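Asks: Dropping the structure in here first, questions after.
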Ligand code: SF4
């Protein structure tokens with residue numbers, strides 16, 4: 051429980067709530083896929099990797115009968131569904147599922163699949179591929195794993211882009227992780243284009259609409275507030291980027307917070323304005339919980355700062371659609 055204020059009237063606090071924030075279409079689809087699979091096939095339903103990077107979501111699905119595993123060798127043989135997370139998987143994973151005759155359902159976000167397809171097209175055309183992203187992130191493992199070892203070079207920083215030596219600068223392409231910082235990525239891509247003018251990029255940015263819109267909203271709010279909270283998990287790339295964007299946009303105290311109980315109140319004493327956003331995998335109920343925690347200490351007034359409207363929707367994986375055969 052949040053600590054209660056000592057006594058007297060609560061100080062006023064203006065809360066600027068970023069919009070859009072929280073769940074994106076890819077996360078909604080992935081969570082719906084697990085819930086629908088539980089309804090349709092009954093528990094247990096296996097899920098490879100956290101379906102989205104949020105403990106609250108994972109725990110609530112676990113209570114309904116989902117079993118989370120890191121690798122397919124933890125899934126027993128049989129007819130139980132196994133769902134691949136929104137981050138996507140290396141090609142070897144569905145191949146292994148097929149070899150073992152497992153019932154695999156792919157909840158990879160269609161915008162991640164788009165990046166996989168681009169990488170494969172470049173490869174087929176004989177281009178060397180540079181992937182801008184963070185080493186070890188499941189999406190990067192999945193994208194690099196679409197192609198044979200050595201086909202994709204990972205670039206994480208502007209220095210990596212300066213040092214990169216291609217085999218043939220005239221046959222080069224790049225792709226990016228979907229949840230990167232727009233500004234950092236623009237800098238890295240600018241270096242690559244300057245050094246290798248023939249490099250080919252995506253027709254439409256790989257950084258997805260949800261990442262872009264949430265960062266834009268934070269850029270609008272962060273310079274106006276004393277502190278900023280990003281509701282999200284430490285292993286959520288897009289949430290981490292939102293915190294960085296808030297700091298760079300001029301907010302002195304920007305914190306990533308998973309639940310109200312995690313708030314370090316010493317960082318939020320004496321403030322009169324607070325910005326709040328949420329990463330693409332953080333449910334709105336956690337935003338409400340955090341606003342409630344502030345209302346215990348402050349007399350809050352909430353204003354919504356909207357920088358974009360979102361209407362993106364992705365249909366469920368085929369086996370889970372209402373018209374799919376039983
Ligand atoms: S953050 Fe973007 S790429 Fe990732 S699941 Fe959401 S919409 Fe898809």
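In my numbering, the protein residues as written are 51 to 376. C-beta atoms are modelled at their ideal positions from N, C-alpha and C, and glycine is treated no differently. Since the model is a prediction, treat every value here as computed from it, not as a measurement.
Less than 8 angstroms between the CB atoms is what I'm expecting for residue 144 and residue 127, so what's the real figure, rounded?
Replies: With a Cβ gap of about 16 angstroms, residue 144 and residue 127 do not count as contacting.
Asks: Taking the alpha-carbon positions, what's the residue 286 to residue 331 distance?
Replies: The alpha-carbon atoms of residue 286 and residue 331 are separated by roughly 8 angstroms.
Asks: Report yes if the C-beta distance between residue 223 and residue 250 is below 7 angstroms; otherwise report no.
Replies: Yes, Cβ-Cβ distance for residue 223 and residue 250 is below 7 angstroms.
Asks: Give me whichever residues DSSP pairs with residue 68 in a beta bridge.
Replies: Paired residues: 355.
Asks: If you draw a straight line from the alpha carbon of residue 229 to that of residue 137, how long is it in whole angstroms?
Replies: In a straight line, the C-alpha of residue 229 is about 10 angstroms away from that of residue 137.
Asks: Return the first residue and the last residue of the alpha helix (DSSP H) that residue 322 is part of.
Replies: Residue 322 -> no alpha helix (DSSP H), and no H or E assigned at all.
Asks: Check each candidate in 334, 337, 360, 320 and name the one with the smallest Cα separation from residue 348.
Replies: The shortest C-alpha separation from residue 348 is found at 320.
Asks: Around the ligand SF4, what residues have a beta-carbon under 5 angstroms from a heavy atom of it, in chain order?
Replies: Spelled out in chain order, the answer is 74, 76, 136, 159, 161, 228, 258, 260, 330.
Asks: Per the DSSP calculation, residue 131 is bridged to which residue(s)?
Replies: According to DSSP, which records beta bridges pairwise, residue 131 is partnered with 153.
Asks: In whole angstroms, what is the alpha-carbon distance linking residue 101 and residue 352?
Replies: Cα to Cα, the separation comes out at about 31 angstroms.
Asks: Give the DSSP bridge partners of residue 165, in chain order.
Replies: Beta-bridge pairing links residue 165 to no other residue.
Asks: One question on the structure: do residue 202 and residue 181 come within less than 7 angstroms of each other, judged by their Cβ atoms?
Replies: Yes, Cβ-Cβ distance for residue 202 and residue 181 is below 7 angstroms.
Asks: Going by beta-carbon coordinates alone, are residue 71 and residue 327 separated by less than 7 angstroms?
Replies: Cβ distance < 7 angstroms, so residue 71 and residue 327 count as in contact.
Asks: Using 7 angstroms as the threshold, is the C-beta distance between residue 134 and residue 158 below it?
Replies: Taking 7 angstroms as the Cβ cut-off, residue 134 and residue 158 qualify as a contacting pair.
Asks: Would you mind working out which of 209, 247, 234 sits nearest residue 219, comparing C-alpha positions?
Replies: Residue 247 is the option with its Cα nearest to residue 219.
Asks: Would a check of beta-carbon distances place residue 374 closer than 7 angstroms to chain D?
Replies: As a matter of chain content, chain D is missing from the structure shown, which is built from one protein chain.
Asks: Can the beta-carbon of residue 217 be found closer than 7 angstroms to that of residue 204?
Replies: Their beta carbons are not under 7 angstroms apart, which means residue 217 does not touch residue 204 by this criterion.
Asks: In this structure, how does DSSP classify residue 348 when only helix, strand and coil are distinguished?
Replies: Note: residue 348 maps to coil in three-state DSSP.
Asks: Within 10 angstroms of the Cβ of residue 66, are there 16 or more other Cβ atoms? Answer buried if so, exposed if not.
Replies: When all chains shown are included, residue 66 counts as buried.
Asks: By DSSP, does residue 299 sit in helix, in strand, or in coil?
Replies: Coil at residue 299, not helix or strand.
Asks: Cβ atoms of residue 280 and residue 325: under 7 angstroms apart, would you say?
Replies: The answer is no: Cβ separation not under 7 angstroms.
Asks: Does DSSP classify residue 144 as helix, strand or coil?
Replies: Correct three-state label for residue 144: helix.
Asks: Reducing DSSP to helix, strand and coil, say where residue 53 ends up.
Replies: At residue 53 the pLDDT is 47, less than 50, meaning the model places this residue with poor confidence; the figure from the coordinates comes in the next sentence. Of the three classes helix, strand and coil, the one that applies to residue 53 here is coil, per DSSP.
Asks: Would you mind stating whether residue 305 and residue 272 have Cβ atoms separated by less than 7 angstroms?
Replies: No; because the gap between Cβ atoms is not below 7 angstroms, this pair is not in contact.
Asks: Is residue 259 close to the ligand NAD? I mean its beta-carbon at under 6 angstroms from any heavy atom of the ligand.
Replies: As for the ligand NAD, it is missing from this structure, which binds only the ligand SF4.
Asks: Cβ atoms of residue 74 and residue 267: under 7 angstroms apart, would you say?
Replies: Their beta carbons are not under 7 angstroms apart, which means residue 267 does not touch residue 74 by this criterion.
Asks: What residues in its chain sit with their C-beta under 8 angstroms from that of residue 322, if we drop five residues either side in the sequence?
Replies: Result list for residue 322: 61, 62, 63, 64, 276, in chain order.
Asks: Here's a check: name, in chain order, each residue in its chain whose Cβ is nearer than 6 angstroms to the Cβ of residue 360, leaving out the five neighbours to either side.
Replies: Closer than 6 angstroms at Cβ, skipping near neighbours: 70.
Asks: Grab the span of the alpha helix (DSSP H) containing residue 98 for me, first residue to last.
Replies: From DSSP, residue 98 is part of no alpha helix (DSSP H) but of the beta strand (DSSP E) over 95–98.
Asks: Tell me, which residues are paired with residue 281 by DSSP?
Replies: In DSSP, residue 281 forms a bridge with 307, 328.
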